[in-house]
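Numbering follows this note's numbering, in which position 45 of the sequence shown is assigned residue number 1440; successive positions increment by one, without gaps.
Every residue, glycine too, gets a C-beta built ideally from N, C-alpha and C.
Some notes on the structure that comes next.
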Amino acid sequence: MVFRTLFQSKKSSWEISHEDFILSIGSCFADCISTKLSENEFKVSGNPFGIIYNPLNIVQNLIVPFSKEDDKIINQNGRYFHFNYHSELNGNSKADLETKIKSVVERKNNDIKSADYLIITLGTAFVYFLKEGNVPVANCHKMPSHLFTKRMLSADEIVVELEKLLTYLNITNPKSKIILSISPVRHIKDTLELNTVSKSILRLATWQLMEKYPDRIAYFPAYEIMMDDLRDYRFYKEDMIHPTPQAENYIWERFSETFFSKNTIELNKEIAELLASIGHKPFHADSIEYRQFLRSTREKANKLNDKVSVKGVLEKLALKLEL
């Protein structure tokens, strides 16, 4: 007997390869996916603006050009922040922040034009709006709560926003495809009850988009895998909200089965073996045997590099051999 609800991977007709360029954007789970892709030597850009949870600001940051004339830059305890972006994007002056934002926007513009796939991970249907101007914000930056109102988006509003992105991509990069997902991290600050409503709205919107644009939009069920397949608390960190590394690896394996060809999966296995060798901790790092082990690993990496670029692996090995 099987005492759990197993997720059965459904192979997508889309096959992501190491030759593709991927932009992963959205919640903290978007960072997890981009990290996994990077570790496996995929060409990927992850969250250029930092973590963003709501669909309005995700789309806005992808399609609306930055203007120095906007009034969303604030001074908080001597640091400058922008309401559209995560707090990790900050400056020691308004001009400093504007320069950093300009650089990030240029990177984003290049990413959008180059991306074969956009992986968009939605975190919540709740959005905070500045009362002045009714402007959606990605991050409140610990500003006083009386400056904001909070509202839950409808599925229709989310569909409209993501259709704006699709229209933009049709002009800037018509070959690109979108993989939508919902973050497996629950937003319990909204209460468990409202988190369920929020995630349900996101799921309805993603389903409607996938049904309407099957050639351009796909869905990966990260949230469902976490909630139904990995429902045991041993798969959660101490906060009982975020997935453990084991859970992240399991979801990554299901993603691989869905969107990678057998050849790509085999290449990933070879890369994983090389990374395991690099991560090996010897008793004596300066021993002849260990140096020979590293050189042997480098030979394997060079052979694999003839099939697929493993620049990251080779750089790690070079650092080890320099020590």
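Alpha-carbon spacing of Val1555 relative to Ala1600, whole angstroms: Taking the Cα positions, Val1555 is about 9 angstroms away from Ala1600.
Mapping DSSP to helix, strand and coil, what is Gly1441? Looking at Gly1441 - three-state DSSP - the assignment turns out to be strand.
What separation, rounded to the nearest whole angstrom, lies between the Cα atoms of Ala1533 and Thr1567? So the alpha carbons of these two residues sit roughly 24 angstroms apart.
Count the other CB atoms, across all protein chains shown, that sit within 10 Å of the CB of Phe1650; report buried if there are 16 or more and exposed otherwise. With 16 or more other CB atoms across the displayed protein chains lying within 10 angstroms of its CB, Phe1650 is buried.
Since Ile1420 sits in a beta bridge, which residues does DSSP pair it with? In the DSSP output, where bridge partners are listed per residue, Ile1420 has Ile1515.
I think Ile1515 touches Leu1597, with their Cβ atoms under 8 angstroms apart; what is that distance to the nearest whole Å? So it is not a contact: roughly 11 angstroms between Cβ atoms.
Could you spell out where the alpha helix (DSSP H) holding Lys1570 opens and where it closes? Counting along the chain, Lys1570 falls outside any alpha helix (DSSP H), and DSSP gives it neither H nor E.
For Asn1456, name the three-state secondary structure that DSSP assigns. Asn1456: helix per DSSP, three-state reduction.
Per DSSP, the bridge partner or partners of Tyr1523: Paired residues: Val1532, Lys1545.
Measure the Cβ-Cβ separation of His1719 and Ser1482 and say whether it is below 7 angstroms. Since the first residue of the chain shown is 1396 and the last is 1718, residue 1719 is not available in this structure.
Would the stretch 1432-1447 and the stretch 1520-1529 be scored as touching if the rule is three or more Cβ pairs under 8 angstroms? In short, these stretches do not touch, since the Cβ pair count stays below three.
What three-state label does DSSP hand Gln1403 in the structure shown? Of the three classes helix, strand and coil, the one that applies to Gln1403 here is coil, per DSSP.
So Phe1615 is in the beta strand (DSSP E); what residue range does that whole segment cover? Element bounds for Phe1615: 1612-1615.
Let me know the beta strand (DSSP E) ranges lying completely inside the stretch 1459-1495, each 3 residues or longer, listed in chain order. Here the runs fully enclosed are 1468-1471, 1474-1477.
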